[in-house]
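Chemist: Before I ask anything, let me first share the structure, which is written out below as structure tokens.
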């Protein structure tokens, strides 16, 4: 393992009806609240009314910012920052999926910063030393944003998706009521399941030694997704399945499986480049790119892919080489994602080879990306071409 | 799952040389420090000098309390409380194993309390609403006390071992340097491994439904112990094995596998009764009692014991009933503990049937104990008799 610091003070409030904890949790941070949400599904579901009811009970002064996009935009972040400054708000309540929470984090870090918040997101500015406190009510399982300090923001002026991480933007509390995720449509449910698995992969394929416990915990999450997602996509209102997937999503990216390992993240970087050029759902992009990335990895270092096959997809290793097992593991992963209805080709989203160079460019944050198997620009271009 | 709140803000600082973080971490809580430690092994190992060096660098005012016992005593806790009050100390640095940290927690909660601290430990007083902040440097893997709010204290006047749990006594930070655990002797290393497994069992055998992820994470910890402990006990100075066992211990009892489930804890209650009457090592007592407890459980509800056998001990379920699998699982557990040199009978510690009634009495905190399979007084007496 690498030396590491782990400090995750987010308070999880998990279970049916936990929205009613808002009136107890918020006052510790102030009563002037920016209420942030997405496309309005929370109004249809009745969640909006419940949240407003809680805020009214504590006589909160509420400023709303709705319409946060699925790939949240810098322009929206800037709007949020302006609203907090103008109205002297002291708390952000993010109600929605990972996009809304990611936007909240960039807003939170941007408020006390003098310059352009994009400098924080792209790590051009110094790391934030303070932020407006955030609380969340999560409505989609998958991103894990409810219990980490990560934020991914898209700048459409430059077709760039960038991310930052700061412990200052860790939600102070997150409300996880599985019932609130029961209205998530089938395709978004699939994307969430894919994203959870990819978060495990990015940390499972690490460049460190001696992390058997972290790997086994990752495998525990993967097996639970593989067991639950197929049942869930055919029974979207099932509370038990929603409950399990919600916890899966939180634990897949809260620092737990990443303790003491140097993670990879190449798949995410490539996908971010794709969805910064073409506005496609993140989980969909991941389902397309990850297997091609894994094939590249298996050609260089097959052993961990083989381990994944044996421990997660129950492959019988008898008489097989790591390369053979790895190839079967990738086949099993593809078959699993196909079985729940995940996309397999960029052309499923109408994307052709026109922007391959721009996407390749955008993925290359450095000369090489990835850690378990570092990728050159040529490698990334090849993975994108195969993904068409 | 049950509804739950999870809030674990302990900062882990894991890796070689992390003791040098003390000078950065402590000043946030004050510089008047109670330095708490055990039998003096930290003086032999040189750790004491390193810690004092760190404290001197920040010009801390240090009052020492050494000699905290393996089953820490109420009398020692009272000494600590008096020292903090007399010297107006504002921070407790606990350097040692779980016993030292448990004592620190009772001291921390006792200082702001007017009455007898034993009332807090036995939950006769209201739950603590504040406590002196604690930091820890852990020297033995096993108890998990470095990342939870649990404390077990023994009152020798009444032969009673009692425990309390409070988020107020969660360590603010814990230093986990695997190298500091490399001088732990073989028997203590075995006890730690047993205790880690028992902590998983207490939460794995829960009385709730629909917790597949928590169970799989428990299995991940168990498999990692089973893989690592036999190598470690034959190679006590191996850094890699110590590293893995240290993280195992922390994650086995930090709230993670207990999310949303109603745990059992009967084995621990019975063992606490044994070691409150006879001063034996906790992990040794657990190794003796747990298999007999599990046999009782298997007779009533074999299915989870069977699952343990298949998923953790790799039993082949083909053509077998749950009862058969459960019986094989318990055999496998016994064989594993015997293989690392854990005791199997109370008579290994010279304990005979003389105090069976007193131990039975002490274990019965209520009419029934345990949740997965509730135990009556007769059940507990039987388990103790079988353990002789």
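Protein chains in written order, with the UniProt record's numbering: chain A, 1 to 388; chain B, 1 to 388. Idealized CB from N, CA, C, for every residue including glycine. Predicted model, so just to flag it, every value in this text is computed and none were measured.
(1) Check each residue of the segment 128-155 of chain A: if its Cβ is closer than 7 Å to any Cβ of chain B, include it; give the result in chain order.
(2) Does the distance from the C-beta atom of residue 201 of chain A to that of residue 290 of chain A stay below 8 Å?
(3) Quick one: residues in its chain with C-beta nearer than 6 Å to the C-beta of residue 54 of chain B, no 5 flanking neighbours on either side, listed in chain order?
(4) Less than 8 Å separating the beta-carbons of residue 26 of chain B and residue 33 of chain B?
(5) DSSP puts residue 215 of chain B in a beta bridge; with which residues?
(6) Scan the segment 205-285 of chain B and note each continuous alpha helix (DSSP H) run of 4 residues or more that stays entirely inside, going in chain order.
(7) With a threshold of 7 Å on Cβ separation, who are the neighbours of residue 357 of chain A within its own chain once the five nearest residues in sequence on each side are excluded?
(8) Assuming residue 325 of chain A and residue 180 of chain A make a contact with CB atoms under 8 Å, what is their CB distance in whole Å?
(9) Using a Cβ-Cβ cut-off of 7 Å (strictly less than) and excluding sequence neighbours within five positions of residue 407 of chain B, which residues of its own chain qualify?
(10) Mind checking if residue 244 of chain A is an interface residue toward chain B, Cβ cutoff 8 Å exclusive?
(11) Assuming the contact rule is C-beta atoms closer than 8 Å, residue 165 of chain A and residue 149 of chain A should be a hit. Round their C-beta distance to whole Å, please.
(12) Within the continuous beta strand (DSSP E) that includes residue 77 of chain A, where are the two ends?
(13) To the nearest angstrom, how far is it from the Cα of residue 66 of chain A to the Cα of residue 377 of chain A?
(14) DSSP has residue 61 of chain B in a bridge; who is on the other side?
(15) Note down, in chain order, every chain A residue with its Cβ under 8 Å from the Cβ of residue 232 of chain B.
(16) Can you tell me the Cα-Cα spacing of residue 221 of chain A and residue 340 of chain A, whole angstroms?
(17) What are the boundary residues of the alpha helix (DSSP H) that residue 356 of chain A is part of?
(18) Indicate whether residue 30 of chain B and residue 114 of chain B have their beta-carbon atoms separated by less than 8 Å.
(19) Strictly below 9 Å CB to CB, what residues from chain B border residue 16 of chain A?
(20) Please list, in chain order, the chain B residues whose beta carbon lies closer than 9 Å to that of residue 248 of chain A.
(21) Can you list the residues of chain B that residue 6 of chain A reaches, using a CB-CB cut of under 8 Å?
(22) Within 8 Å of any Cβ in chain A, is that where the Cβ of residue 251 of chain B sits?
(23) Would you please state the rounded distance, in angstroms, between the beta carbons of residue 388 of chain A and residue 176 of chain A? I believe it to be under 8 Å.
(24) Going by DSSP in three states, residue 125 of chain B sits in which element: helix, strand or coil?
(25) Applying a beta-carbon distance threshold of less than 9 Å, which residues of chain B neighbour residue 240 of chain A?
(26) Beta-carbon of residue 224 of chain A versus every beta-carbon of chain B: anything under 8 Å?
(27) Report the CB separation of residue 15 of chain B from residue 4 of chain A in whole angstroms; it is logged as a contact under 8 Å.
(28) What is the DSSP secondary structure of residue 143 of chain B, counted as helix, strand or coil?
(29) Measure the Cβ-Cβ separation of residue 10 of chain B and residue 275 of chain B and say whether it is below 8 Å.
(30) Check residue 11 of chain B in the structure and name its three-state DSSP category.
(31) Please tell me whether residue 270 of chain A has its Cβ less than 8 Å away from any Cβ of chain B.
(32) Among A:307, A:167, A:107, whose alpha-carbon lies nearest the alpha-carbon of residue 327 of chain A?
(33) Residues of the segment 25-39 of chain B with a CB closer than 7 Å to any CB of chain A: list them in chain order, please.
(34) Do residue 36 of chain B and residue 132 of chain B have their C-beta atoms closer together than 8 Å?
(35) Count the C-beta pairs between the segment 349-356 of chain A and the segment 250-268 of chain A that are closer than 8 Å, then say yes if the count reaches three, no if not.
(36) How long is the line joining the alpha carbons of residue 254 of chain B and residue 254 of chain A, rounded to whole angstroms?
Modeler: Based on what the coordinates show:
(1) Considering only beta carbons, no part of the segment 128-155 of chain A lies closer than 7 Å to chain B.
(2) One-based indexing of the first chain puts residue 201 of chain A at position 201. One-based indexing of the first chain puts residue 290 of chain A at position 290. It is a contact, given that the beta carbons lie within the stated cut-off.
(3) Residue mapping note: residue 54 of chain B aligns to position 54 of the second chain, counting from 1. Spatial neighbours of residue 54 of chain B in its own chain (CB-CB distance under 6 Å, excluding positions within 5 residues in sequence) are listed in chain order as 22, 23.
(4) Counting from one through the second chain, the residue named residue 26 of chain B turns up at place 26. Counting from one through the second chain, the residue named residue 33 of chain B turns up at place 33. Closer than 8 Å, so yes.
(5) Mapped onto the second chain, residue 215 of chain B falls at position 215. Paired residue(s): none; residue 215 of chain B is not in a bridge.
(6) Taken in chain order, the unbroken stretches of alpha helix (DSSP H) that lie wholly in the segment 205-285 of chain B and span 4 residues or more are 212-233, 239-252, 266-277.
(7) Position 357 of the first chain, counted from the first residue, corresponds to residue 357 of chain A. Contacts found: none.
(8) Reading the first chain from its first residue, position 325 is the one you call residue 325 of chain A. Reading the first chain from its first residue, position 180 is the one you call residue 180 of chain A. About 40 Å separates the two Cβ atoms, so there is no contact after all.
(9) Nothing about residue 407 of chain B can be reported from this structure: the residues present for chain B run from 1 to 388 only.
(10) Numbered from 1 along the first chain, position 244 holds the residue referred to as residue 244 of chain A. Chain B contact via Cβ: present.
(11) As a working mapping, residue 165 of chain A is identified with position 165 in the first chain. As a working mapping, residue 149 of chain A is identified with position 149 in the first chain. Yes, they are in contact, since the Cβ atoms of residue 165 of chain A and residue 149 of chain A sit about 5 Å apart, within 8 Å.
(12) Here residue 77 of chain A corresponds to residue number 77 of the first chain, with the count starting at 1. According to the DSSP assignment, residue 77 of chain A belongs to no beta strand (DSSP E) but to the alpha helix (DSSP H) extending over 74-87.
(13) Here residue 66 of chain A is taken as the residue at index 66 of the first chain, counted from 1. Here residue 377 of chain A is taken as the residue at index 377 of the first chain, counted from 1. Taking the straight line from one Cα to the other gives about 38 Å.
(14) Reading the second chain from its first residue, position 61 is the one you call residue 61 of chain B. As DSSP reads the structure, residue 61 of chain B sits in a beta bridge with B:32.
(15) Numbered from its first residue, the second chain carries residue 232 of chain B at position 232. The contacting residues do not exist; residue 232 of chain B stays about 13 Å from chain A at best.
(16) Taking the first chain and counting its residues from 1, one reaches residue 221 of chain A at position 221. Taking the first chain and counting its residues from 1, one reaches residue 340 of chain A at position 340. Straight across, the Cα-Cα distance linking residue 221 of chain A with residue 340 of chain A is about 17 Å.
(17) Working through the first chain from its first residue, we reach residue 356 of chain A at position 356. It spans 356-363 - the alpha helix (DSSP H) in which residue 356 of chain A sits, taken as one unbroken run.
(18) In the second chain, the residue the question calls residue 30 of chain B occupies position 30. In the second chain, the residue the question calls residue 114 of chain B occupies position 114. No. Outside cutoff.
(19) Counting from 1 along the first chain, the entry for residue 16 of chain A is found at position 16. Chain B residues near residue 16 of chain A: 3.
(20) Residue 248 of chain A sits at position 248 when you count from the first residue of the first chain. Residues of chain B passing the Cβ test: 213.
(21) Indexing the first chain from 1 puts residue 6 of chain A at position 6. Those are 11, 12, 14, listed as they occur along chain B.
(22) Looking up residue 251 of chain B in the second chain gives position 251. Yes, because at least one Cβ of chain A sits closer than 8 Å to the Cβ of residue 251 of chain B.
(23) Stepping through the first chain from its first residue, residue 388 of chain A is reached at position 388. Stepping through the first chain from its first residue, residue 176 of chain A is reached at position 176. About 37 Å separates the two Cβ atoms, so there is no contact after all.
(24) Walking along the second chain from the start, residue 125 of chain B turns up at place 125. In this structure, residue 125 of chain B counts as coil in the three-state DSSP scheme.
(25) What you label residue 240 of chain A is simply residue 240 of the first chain in a count that begins at 1. Neighbourhood of residue 240 of chain A in chain B, by CB distance below 9 Å: 1, 209, 210, in chain order.
(26) The residue given as residue 224 of chain A occupies position 224 in the first chain. Residue 224 of chain A counts as touching chain B.
(27) Position 15 of the second chain, counted from the first residue, corresponds to residue 15 of chain B. Position 4 of the first chain, counted from the first residue, corresponds to residue 4 of chain A. At roughly 6 Å, the Cβ-Cβ gap stays under 8 Å, so residue 15 of chain B and residue 4 of chain A are in contact.
(28) Counted from its first residue, the second chain places residue 143 of chain B at position 143. Here residue 143 of chain B carries a coil assignment [DSSP, helix/strand/coil].
(29) In the second chain, residue 10 of chain B corresponds to position 10, counting from 1. In the second chain, residue 275 of chain B corresponds to position 275, counting from 1. Contact: no.
(30) Residue 11 of chain B sits at position 11 when you count from the first residue of the second chain. Note: residue 11 of chain B maps to strand in three-state DSSP.
(31) The residue you call residue 270 of chain A lines up with position 270 of the first chain. For residue 270 of chain A, the answer is no, since every Cβ of chain B falls outside 8 Å of its Cβ.
(32) Reading the first chain from its first residue, position 327 is the one you call residue 327 of chain A. When each option's Cα is compared against that of residue 327 of chain A, the closest is A:307.
(33) Of all residues in the segment 25-39 of chain B, none has a Cβ within less than 7 Å of some Cβ in chain A.
(34) Sequence index remark: in the second chain, residue 36 of chain B carries index 36 (1-based). Sequence index remark: in the second chain, residue 132 of chain B carries index 132 (1-based). In this structure, residue 36 of chain B keeps its C-beta atom at 8 Å or more from the C-beta atom of residue 132 of chain B.
(35) For the pair of segments examined, the segment 349-356 of chain A was found not to touch the segment 250-268 of chain A: the number of CB pairs separated by less than 8 Å stays below three.
(36) The residue given as residue 254 of chain B occupies position 254 in the second chain. The residue given as residue 254 of chain A occupies position 254 in the first chain. C-alpha separation (whole angstroms): 14 Å.
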